[in-house]
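Novice:
Residue numbers (the numbering used here): 1 to 456.
Okay, here's the thing in structure tokens:
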């Protein structure tokens, strides 16, 4: 899961993204276009896309900034500015279940620990110190989802942002919470469930603690709870074997930890860098891991490719006898500047055979699955790409667009795959329709940054 980001990005080529993060309006960047829609009961539109929006009565914005499927793929949690909306899939399609409201306008980060248990990270909580953060755990009862308990950082930090990233193993035994900290070295916390009760087991800091590295702003635990991948997008080493170096500002790094059962501790197994670390490229801005931890995927948001600035790139590392080594570098099928391919959202199925990549800067005006990537031009509309494993390498399989592609919608900001790889959800938190519920009016384009989620 990725860190809920509030800080405005420094780069001028990310104006649309920065406006969303800062919560400001950007003229001309709502959704719009297509009139196809899902039926009100949640069945797919003619393009095979289910269109989800905030619930009626909600005043929240940026619906779709965070998304998560339950282990069985039958429940979907969607984060927005200060609430999580819950949906469930039944024989008739998707239906809305409940809204979980919060008091902090900071895009809650959801993660299921079981089909009937949900963690929600609230990094903007001011309960102890400004933006110290917390995590709340909810359980599903016959009547509703109810609050079961609250986790707080063991040593709260001002701007610590505990809960920015949350992940859980498939068996619901282990949960990991990131605390990236804005002005201190980041860390992550590992919780374990025993006898129905959760307790903090470990707090892990990086080998090269530097304030502002955003260590643990992005993290994910493997389905079998054996391995954790952690991103530190502002880490500044230029050397693949020297985490202590600080000569490449915000080049970024990723760290892989494995659980040592004999020692009862999490051990660093790999320190990962881009093949050619460059300042401000943000390697580690998105991460994903296979179910057994053997495959790790890292996004680099601002990587220049073929002379195109901030095109973005994705790196696949595989575990072997010598540790983790780079197996493949993936760039967008059509490379253009300011596309941020793989820099915001990645999703990998537990078997490591299917990979979904967001590209929020894609500018095609096409709609739905199989759209034409060269059609017209709508800046920051966004796209998603699906890759499948063939002969040990990921091969591009599908190019996906929203069913109502609009300029500035940032489709691909968040991505989630069900465990079987049969269902994909993509968030577009700047989409501009003011409709609510499921299957609303996609042609409406009246409110900036309402947000939407599309289920394929």
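The C-beta atom is built at its ideal place from N, Cα and C for all residues, glycine as well.
1) Need the endpoints of the beta strand (DSSP E) that residue 324 sits in, please.
2) Kindly identify the DSSP beta-bridge partner or partners of residue 197.
3) Please report the distance separating the alpha-carbon of residue 28 from that of residue 223.
4) Within 10 angstroms of its Cβ, does residue 183 collect 16 or more other Cβ (buried), or is it exposed?
5) Which residue's Cα is closest to the Cα of residue 135: 270, 350, 120, 367?
6) Looking at the strands, I want to know which residues DSSP matches up with residue 451.
7) Based on DSSP bridge pairs, tell me the residues matched to residue 85.
8) Is it true that the segment 102-119 meets the segment 55-74, where meeting means three or more beta-carbon pairs spaced less than 8 Å apart?
9) So the beta strand (DSSP E) residue 456 belongs to, where does it begin and stop?
10) Give the straight-line distance between the Cα atoms of residue 256 and residue 409, rounded to the nearest whole angstrom.
11) Just checking my contact of residue 423 with residue 73 at CB under 8 Å: how many whole Å lie between their CB atoms?
12) Check residue 341 in the structure and name its three-state DSSP category.
13) Tell me whether residue 196 is buried or exposed, calling it buried when 16 or more other Cβ atoms sit within 10 Å of its Cβ.
14) Have a look at residue 146 and residue 85 and give me their C-alpha separation to the nearest angstrom.
15) Counting Cβ pairs closer than 8 Å, one from the segment 377-386 and one from the segment 399-414, do we hit at least three?
16) Taking DSSP's pairing of strands, which residues face residue 306 in a bridge?
17) Need the endpoints of the beta strand (DSSP E) that residue 319 sits in, please.
18) Need the endpoints of the beta strand (DSSP E) that residue 228 sits in, please.
19) Residue 81 and residue 62 look like a contact to me (Cβ under 8 Å); what is the Cβ gap, rounded to whole Å?
20) Residue 268 and residue 298 - do their beta-carbons sit closer together than 8 Å?
21) Is the Cβ-Cβ distance between residue 417 and residue 356 less than 8 Å?
22) Could you give the C-beta distance for residue 305 and residue 313, rounded to a whole number, given that I count them as a contact under 8 Å?
23) Mind listing, in chain order, the continuous beta strand (DSSP E) runs of no fewer than 3 residues lying wholly within the segment 352-387?
24) Contact defined as beta carbons within less than 8 Å: I believe residue 303 pairs with residue 344. What is the distance between those atoms, to the nearest angstrom?
25) Check whether the segment 428-438 touches the segment 446-453, counting contact only when three or more Cβ pairs, one atom from each stretch, lie closer than 8 Å.
26) Using the Cβ count rule (16 or more neighbours within 10 Å means buried), how would you classify residue 117?
27) Is the Cβ-Cβ distance between residue 130 and residue 158 less than 8 Å?
28) Measure the Cβ-Cβ separation of residue 415 and residue 353 and say whether it is below 8 Å.
29) Could you check what DSSP says for residue 72 in three-state terms: helix, strand or coil?
30) DSSP has residue 179 in a bridge; who is on the other side?
31) Check whether the Cβ of residue 206 lies closer than 8 Å to any Cβ atom in chain C.
32) Could you compute how far the alpha carbon of residue 266 sits from the alpha carbon of residue 176?
33) Going by C-alpha to C-alpha distance, which of 277, 264, 232, 420 sits closest to residue 351?
34) Quick check on the burial criterion: 16 or more other C-beta atoms within 10 angstroms. Buried or exposed for residue 207?
35) Judging by CA-CA distance, which residue of 210, 76, 258, 358 is the nearest neighbour of residue 174?
36) Please state whether DSSP places residue 147 in a helix, a strand or coil.
Specialist: On the basis of the coordinates in this document:
1) 323-330
2) 194
3) Model confidence at residue 28 stands at a pLDDT of 32, short of 50, so the residue's coordinates are unreliable and nothing is read from them.
4) exposed
5) 120
6) 63
7) 78, 99
8) yes
9) From DSSP, residue 456 is part of no beta strand (DSSP E); its letter is neither H nor E.
10) 33 Å
11) 6 Å
12) coil
13) exposed
14) 13 Å
15) yes
16) In DSSP, residue 306 forms no bridge with anything.
17) 313-320
18) 227-232
19) 5 Å
20) no
21) yes
22) 6 Å
23) 354-359
24) The pair is not a contact, with the Cβ atoms about 13 Å apart (cut-off 8 Å).
25) yes
26) buried
27) yes
28) no
29) coil
30) 187
31) Among the chains in the structure shown there is no chain C, since it carries only a single protein chain.
32) 12 Å
33) 420
34) exposed
35) 258
36) strand
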